[in-house]
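Shown next, in structure tokens, is the structure this report addresses.
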Amino acid sequence: MMKKCAKNGIDIIYSELLGLHIEIEYNTGLRSIKFLNPSKNHKEKKTLDTTFELERYFEGEMIKFSSDLNISHLSQFEQKVLEETKKIKYGSTITYSQLADKIGCGGARAVGNALGKNPIPIIIPCHRVVAKKGIGGYSAGIDIKTRLLELEKRNVNNL
DNA sequence: GACGATAGCCCTT
DNA sequence: AAGGGCTATCGTC
Numbered sequence: 072m073m074k075k076c077a078k079n080g081i082d083i084i085y086s087e088l089l090g091l092h093i094e095i096e097y098n099t100g101l102r103s104i105k106f107l108n109p110s111k112n113h114k115e116k117k118t119l120d121t122t123f124e125l126e127r128y129f130e131g132e133m134i135k136f137s138s139d140l141n142i143s144h145l146s147q148f149e150q151k152v153l154e155e156t157k158k159i160k161y162g163s164t165i166t167y168s169q170l171a172d173k174i175g176c177g178g179a180r181a182v183g184n185a186l187g188k189n190p191i192p193i194i195i196p197c198h199r200v201v202a203k204k205g206i207g208g209y210s211a212g213i214d215i216k217t218r219l220l221e222l223e224k225r226n227v228n229n230l
């Protein structure tokens with residue numbers, strides 16, 4: 072039986088906004104998004120649906136990503152956190168504790184922990200989860216989080 | 001047990 | 001007000 076099979080593979084694009092290359096890995100579902108070391112050389116490659124969606128995202132489109140996720144190797148709790156995070160709308164933010172409430176646990180820190188392991192940043196918009204006071208953290212560097220949030224705020228305001 | 005991408009309370013200035 | 005210290009809380013390793 073032939074499944075409708077999205078392409079597997081690894082792509083690389085350059086983000087002007089972040090000043091670095093990004094690697095997109097798809098293997099029976101979107102597997103990982105990585106921010107690559109800016110000091111090294113990278114070659115762009117664009118074959119996956121997600122890659123083109125990501126480019127549109129960086130061009131400022133308020134896009135909703137369509138790819139299936141492959142996160143079954145993560146713990147139940149982490150999957151729950153990430154799935155709830157995926158529901159956060161473009162340009163809006165919630166706090167770690169609000170997210171904790173939504174999935175029915177009181178541990179805001181545990182949520183932060185799980186988000187820190189997010190293998191698919193941007194597509195799973197963990198940058199939209201912030202501390203009650205302040206911006207919170209970001210495993211790939213706080214400046215990336217800030218820039219993503221600013222990009223989205225710009226576009227929401229320019230409706 | 002210890003550690004976090006937290007939050008809230010209670011102090012000081 | 002604003003900022004620092006302390007601790008309750010909870011899933012991982």
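Residue numbers (our numbering): 72 to 230. Each residue gets a CB set at the ideal place from its N, CA and C atoms; glycine is no exception.
{"query": "For I213, the three-state DSSP class (helix, strand or coil)", "result": "helix"}
{"query": "Reference I93, options D172, E223, I193, N141, closest by Cα", "result": "I193"}
{"query": "Length of the line joining the Cα atoms of Q147 and D139", "result": "17 Å"}
{"query": "Closest by C-alpha distance to S110, when choosing among Y85, G183, T118, T164", "result": "Y85"}
{"query": "Boundaries of the beta strand (DSSP E) in which R199 is found, first to last residue", "result": "Where R199 is concerned, there is no enclosing beta strand (DSSP E), given that its DSSP letter is neither H nor E."}
{"query": "D214 versus F106, D172, S168, residue with shortest Cα-Cα distance", "result": "F106"}
{"query": "Exposure of V152, with buried meaning 16 or more beta-carbon neighbours within 10 Å", "result": "buried"}
{"query": "As assigned by DSSP and simplified to three states, the class of G80", "result": "strand"}
{"query": "Classification of G183 by the beta-carbon crowding that lies within 10 angstroms, buried from 16 upward", "result": "buried"}
{"query": "Nearest candidate by alpha-carbon position, reference T118, set R225, F129, G80", "result": "G80"}
{"query": "T99, DSSP secondary structure in three states", "result": "coil"}
{"query": "E223 vs Y161 beta-carbon contact at 7 Å", "result": "yes"}
{"query": "Pick from V227, K203, G187 that is closest to A211, judged by C-alpha positions", "result": "G187"}
{"query": "Unbroken alpha helix (DSSP H) run spanning F148, endpoints", "result": "147-157"}
{"query": "Secondary structure of F106, DSSP reduced to three states", "result": "strand"}
{"query": "Residues sharing a beta bridge with A192, DSSP", "result": "Correcting the residue identity first, residue 192 is Pro in this sequence and not Ala. P192 pairs with I195."}
{"query": "K111, DSSP secondary structure in three states", "result": "coil"}
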